[in-house]
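Undergrad:
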Amino acid sequence: MERKSYHIFVYRFICIVVLTLGLQNIVYSQNKNLPSIDSLMQWEFEELYQKQFTEKDPYSNKWFAKAYLQKAKSLDSISEMARGFHWTSYFFIDNYEKRIIYIDSGIAKVKNTQHVLQTGAMQMTKGIITQQKGNYNKALDYYLEGLEHAERNKVLVYISLFRSKIAALKRKLGKYDEAKSLYKKSVQYEKTQIGKKVNDSTRYLMFLSDLVSTYQLNKEIDSAYYYYREGTIMAQNTDIKVVYTLNKGIFQYYDKDYINAIQSIKQGVKEFLTNKYRATYGYHNLINGYVFLGKSYSSLQQEEKAMGYFKKIDSFVQLSNDLISEARPAYPEMIKYYKSINDRDNQLYYINRLLHNDSIFHNRYKTTTDKLNTEFDTPLLIAQKESIIQELTTKNNQSYYIILISLLVILGITSVLYISRRKNKQYKKRFDSLMSDSPKEINKINSTTDHNNTAIDIAKDVVDLILKELEDFEKNNSFLEIKLTSAMMAKKMNTNSKYLTKVIKYYRGKTFSPYINDLRIEYIIERLKADKKIRNYTIKALAKEAGFNSTEVFSKSFYKKTGIYPSYFIKRLQSEENQSVN
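Each position in the sequence shown, counted from 1, maps to that position plus 15 in the numbering used here.
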């Protein structure tokens, strides 16, 4: 009896499940006026896939994606299954882990097949959504993995795309030279693709605009304007014109044309917010627009309007995990303003916001450079914060709670400050070493000592002649000639470049380029020590003064020779000069 009852129960249970599933399919289809999954599976793949671009209802869109994936599985189509998994992943915007699982399922289907473009697209999506979550280190892992796959399979388009993503992360870190190098490679590739398909200039213009932003962040406004001009005309009849409109306003700000800067940036912001590709173009461009709108109003003494735009930036940061570094310039402006009107509460609030954001940023990037704090010195910020807290203590009993929070924040960034201070100590030590060195004969091993000339296989009289010419060359500062080559130098010394480079290598202990670069660096160091006037030169002008035709090569050579950058050396010289005056 019990056995019979059990079978009846099982039978009824199965009937209910089957009926429920069947009704769910029917009701779903009827409620949404959609065909059943079975009928949709008779459609062509492309016909199903295009529905995502025409269906406005996400519920309906998901129904078509489900039919697509089910059809792909039934036909055991590797490429279509991967596409289906990738498409389906977009329906889990609020479930990062599940979205990654679907993308990984798609990658697993095609990773070791000829479908390299699909693999690249899914690896790119993984990096982007991980970066949006604020996990930059993991995002970088995904981008590097994608780049390695693209390079191994010679997929040039994804090599370019992954380089640009890595460049964007480097820009966030303040590693502008490295970011510029990567962006230039992407720009160079995308330029070769213009004229091959519809909208083929979009990525070229986008990367060019990112390069412009990187130069602006590095205070190289002339170079930024050069690349801006290269793209702005081509961008006029495209959707990406909005980014160039924003940049136009930023350049007007640098020209101190604040009224027109406000007009241009406002137009750019309006176009950006209504542009359907705004997420693709990057919200960092919008944040940058708001920053310079605020700065422009501030320059016109319209501080209340300026604060409105800076506060917009703060609201963006509170909604996003990916805009902290771009938004940082807004906070010192707000702190400075509220200090000027003696509004201690708001001053303290934005100090806390800045410290909180900095702690998040530094936790993500243990190797963040000192450039993050160039606009607002963190130790000074903490001292200012403590002073305000002491003032509020007498006014508000709850200030003890504020002090406790402040201490926790300070403890959180102590490790970062320690690293920063240690680096500053190293730089100061190297600076002091440079300052204590007296002028000396550079690069010489000892040209007067007899050496075994057979070791370099050059006759002694030839060696003596070249050494004499080298002494005159060094004494007369002939190494300052721009674009100097060993061939040019040998011709002036009535010898050949092979003999010249051998003698330099043997008697100066260096190959030709390091020999010339070291001469130039030590020359400019002595000039900077002795001549206060050239301390006001730009780095670009100093590079030219020292015989370099590239600012980047000058800075790298200076660092390689001294262990510090020229900007730091000049800053320390000026600081010591001011101290001596006082």
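The beta carbon of each residue, even a glycine, is placed where N, CA and C say it ideally should be.
Going along the chain, which residues of its own chain have a beta-carbon closer than 7 Å to the beta-carbon of residue 328, five neighbours each way excluded?
TA: For the purposes of this step, residue 328 is identified with residue 313 of the sequence shown, where counting begins at 1. The answer, listed in chain order, is 302, 305, 306, 342 and 345.
Undergrad: Just to confirm, is the Cβ distance from residue 495 to residue 538 under 8 Å?
TA: What you label residue 495 is simply residue 480 of the sequence shown in a count that begins at 1. What you label residue 538 is simply residue 523 of the sequence shown in a count that begins at 1. Yes. Within cutoff.
Undergrad: Give the straight-line distance between the Cα atoms of residue 309 and residue 280, rounded to the nearest whole angstrom.
TA: Looking up residue 309 in the sequence shown gives position 294. Looking up residue 280 in the sequence shown gives position 265. Taking the Cα positions, residue 309 is about 10 Å away from residue 280.
Undergrad: Quick check on residue 530: does DSSP put it in helix, strand or coil?
TA: Indexing the sequence shown from 1 puts residue 530 at position 515. Here DSSP, grouped into helix, strand and coil, assigns residue 530 to helix.
Undergrad: Of the residues 61, 228 and 252, which one's Cα is nearest the Cα of residue 243?
TA: Counting from one through the sequence shown, the residue named residue 243 turns up at place 228. The candidate whose alpha carbon is nearest that of residue 243 is 228.
Undergrad: Secondary structure at residue 72, three-state DSSP: helix, strand or coil?
TA: Along the sequence shown, read from residue 1 onward, the residue named residue 72 stands at position 57. Of the three classes helix, strand and coil, the one that applies to residue 72 here is coil, per DSSP.
Undergrad: Would the beta-carbon of residue 218 fall within 8 Å of that of residue 205?
TA: Residue mapping note: residue 218 aligns to position 203 of the sequence shown, counting from 1. Residue mapping note: residue 205 aligns to position 190 of the sequence shown, counting from 1. The answer is yes: Cβ separation under 8 Å.
Undergrad: Using a 10 Å radius around the Cβ and a threshold of 16 neighbouring Cβ atoms, would you call residue 319 buried or exposed?
TA: Within the sequence shown, residue 319 is the residue found at index 304, counting from 1. Counting Cβ neighbours within 10 Å, residue 319 comes out exposed, since fewer than 16 surround it.
Undergrad: Along the chain, where does the alpha helix (DSSP H) containing residue 572 start, and where does it finish?
TA: Counting from 1 along the sequence shown, the entry for residue 572 is found at position 557. Segment 566 to 577, the alpha helix (DSSP H) holding residue 572.
Undergrad: Residue 183 and residue 174: beta carbons closer than 8 Å?
TA: Taking the sequence shown and counting its residues from 1, the one referred to as residue 183 is at position 168. Taking the sequence shown and counting its residues from 1, the one referred to as residue 174 is at position 159. Against a cut-off of 8 Å, the Cβ pair of residue 174 and residue 183 comes out as no contact.
Undergrad: Taking only three categories from DSSP, how would you classify residue 561?
TA: The residue given as residue 561 occupies position 546 in the sequence shown. Three-state result, residue 561: coil.
Undergrad: In whole angstroms, give me the CA-to-CA distance for residue 524 and residue 490.
TA: Sequence index remark: in the sequence shown, residue 524 carries index 509 (1-based). Sequence index remark: in the sequence shown, residue 490 carries index 475 (1-based). In this structure, the CA atom of residue 524 is about 18 Å from the CA atom of residue 490.
Undergrad: Within its chain, find whatever has a CB closer than 7 Å to the CB of residue 88; leave out the 5 residues flanking it on each side and keep chain order.
TA: Working through the sequence shown from its first residue, we reach residue 88 at position 73. For residue 88, where only same-chain residues beyond five positions count, the Cβ hits under 7 Å are 96.
Undergrad: Please return the same chain residues whose Cβ sits closer than 6 Å to the Cβ of residue 77, not counting the five positions on each side in sequence.
TA: Counting from 1 along the sequence shown, the entry for residue 77 is found at position 62. Closer than 6 Å at the Cβ level, and outside the excluded window around residue 77, lie 106.
Undergrad: Can you list the alpha helix (DSSP H) stretches of 4 or more residues lying completely in the region 293 to 358, in chain order?
TA: 293 to 296, 298 to 314, 318 to 334, 339 to 342 and 345 to 355, all fully within the region 293 to 358.
Undergrad: Which stretch, first to last residue, makes up the alpha helix (DSSP H) that contains residue 125?
TA: Numbered from 1 along the sequence shown, position 110 holds the residue referred to as residue 125. Run containing residue 125: 111 to 125, per the alpha helix (DSSP H) assignment.
Undergrad: Within its chain, find whatever has a CB closer than 7 Å to the CB of residue 141; leave out the 5 residues flanking it on each side and keep chain order.
TA: For this step, residue 141 is matched to residue 126 along the sequence shown. Same-chain partners within the cutoff: 115, 118 and 157.
Undergrad: Check whether the Cβ atoms of residue 181 and residue 162 lie closer than 8 Å to each other.
TA: Here residue 181 refers to the residue found at position 166 when the sequence shown is read from its first residue. Here residue 162 refers to the residue found at position 147 when the sequence shown is read from its first residue. Yes, the Cβ-Cβ distance between residue 181 and residue 162 is below 8 Å.
Undergrad: Please state whether the Cβ-Cβ distance between residue 84 and residue 103 is less than 8 Å.
TA: Within the sequence shown, numbered from 1, the residue matching residue 84 stands at position 69. Within the sequence shown, numbered from 1, the residue matching residue 103 stands at position 88. Their beta carbons are under 8 Å apart, which means residue 84 touches residue 103 by this criterion.
Undergrad: For residue 503, count the other beta carbons within 10 Å of its own beta carbon; 16 or more makes it buried, fewer makes it exposed. Which is it?
TA: Taking the sequence shown and counting its residues from 1, one reaches residue 503 at position 488. Its Cβ having fewer than 16 others within 10 Å, residue 503 is exposed.
Undergrad: Could you please give the first and the last residue of the uninterrupted alpha helix (DSSP H) stretch that includes residue 194?
TA: Taking the first residue of the sequence shown as position 1, residue 194 is located at position 179. Residue 194 -> alpha helix (DSSP H) spans 191 to 207.
Undergrad: Pull up the distance between the alpha-carbon of residue 139 and that of residue 330, whole angstroms please.
TA: Counted from its first residue, the sequence shown places residue 139 at position 124. Counted from its first residue, the sequence shown places residue 330 at position 315. Distance between the alpha carbons of residue 139 and residue 330: 28 Å.
Undergrad: I need the boundaries of the alpha helix (DSSP H) containing residue 580, first residue and last residue.
TA: Residue mapping note: residue 580 aligns to position 565 of the sequence shown, counting from 1. Premise fails: residue 580 is in no alpha helix (DSSP H) and is neither H nor E.
Undergrad: Within this structure, are the beta carbons of residue 197 and residue 185 separated by less than 8 Å?
TA: Locating residue 197 in the sequence shown gives position 182, counting from the first residue. Locating residue 185 in the sequence shown gives position 170, counting from the first residue. Yes.
Undergrad: Just the C-alpha distance for residue 131 and residue 167, rounded to the nearest angstrom, thanks.
TA: Indexing the sequence shown from 1 puts residue 131 at position 116. Indexing the sequence shown from 1 puts residue 167 at position 152. For residue 131 and residue 167, the distance between alpha carbons rounds to 10 Å.
Undergrad: Which residue's Cα is closest to the Cα of residue 586: 553, 315 and 51?
TA: Numbered from 1 along the sequence shown, position 571 holds the residue referred to as residue 586. The closest CA to that of residue 586, considering only 553, 315 and 51, is found on 553.
Undergrad: Rounded to a whole number of angstroms, what is the C-alpha to C-alpha distance between residue 384 and residue 372?
TA: Taking the sequence shown and counting its residues from 1, the one referred to as residue 384 is at position 369. Taking the sequence shown and counting its residues from 1, the one referred to as residue 372 is at position 357. Residue placement at residue 384 is poorly supported in this model, since its pLDDT is 34, which falls under 50; the coordinates still yield a value, given next. Residue 384 and residue 372 have their alpha carbons spaced roughly 16 Å apart.
Undergrad: On the criterion of 16 or more Cβ atoms from any shown chain inside 10 Å, does residue 581 qualify as buried, or is it exposed?
TA: Working through the sequence shown from its first residue, we reach residue 581 at position 566. Per the 10 Å Cβ criterion, buried.
Undergrad: Where does residue 313 land, buried or exposed, given buried means 16+ other C-beta within 10 angstroms?
TA: Numbered from its first residue, the sequence shown carries residue 313 at position 298. Answer is buried; the Cβ neighbour count reaches 16.
Undergrad: Rounded C-beta distance between residue 365 and residue 349? I'm assuming under 8 Å.
TA: Sequence index remark: in the sequence shown, residue 365 carries index 350 (1-based). Sequence index remark: in the sequence shown, residue 349 carries index 334 (1-based). Contact check for residue 365 and residue 349: beta-carbon distance about 5 Å, within the 8 Å limit, so the pair qualifies.
Undergrad: Pick from 179, 111, 176 and 136: whose alpha carbon is nearest that of residue 150?
TA: As a first step, residue 150 must be located in the sequence shown, where it is residue number 135. Residue 150 has its Cα closest to that of 111, out of 179, 111, 176 and 136.
Undergrad: For residue 170, tell me which candidate among 405, 133, 189 and 190 has the shortest Cα-Cα distance.
TA: Taking the first residue of the sequence shown as position 1, residue 170 is located at position 155. Among 405, 133, 189 and 190, the Cα nearest to that of residue 170 is on 133.
Undergrad: Apart from the five residues on each side of it in sequence, which residues of its chain come closer than 7 Å, Cβ to Cβ, to residue 260?
TA: In the sequence shown, residue 260 corresponds to position 245, counting from 1. For residue 260, where only same-chain residues beyond five positions count, the Cβ hits under 7 Å are 279, 282, 283 and 286.
Undergrad: Count the other C-beta atoms from every protein chain shown that fall within 10 angstroms of the C-beta of residue 262, then say buried if there are 16 or more, exposed otherwise.
TA: Indexing the sequence shown from 1 puts residue 262 at position 247. Answer is buried; the Cβ neighbour count reaches 16.
Undergrad: Measuring CA to CA, which of 100, 152 and 58 is closest to residue 378?
TA: In the sequence shown, residue 378 corresponds to position 363, counting from 1. In this structure, 152 is the residue among 100, 152 and 58 with its C-alpha nearest to the C-alpha of residue 378.
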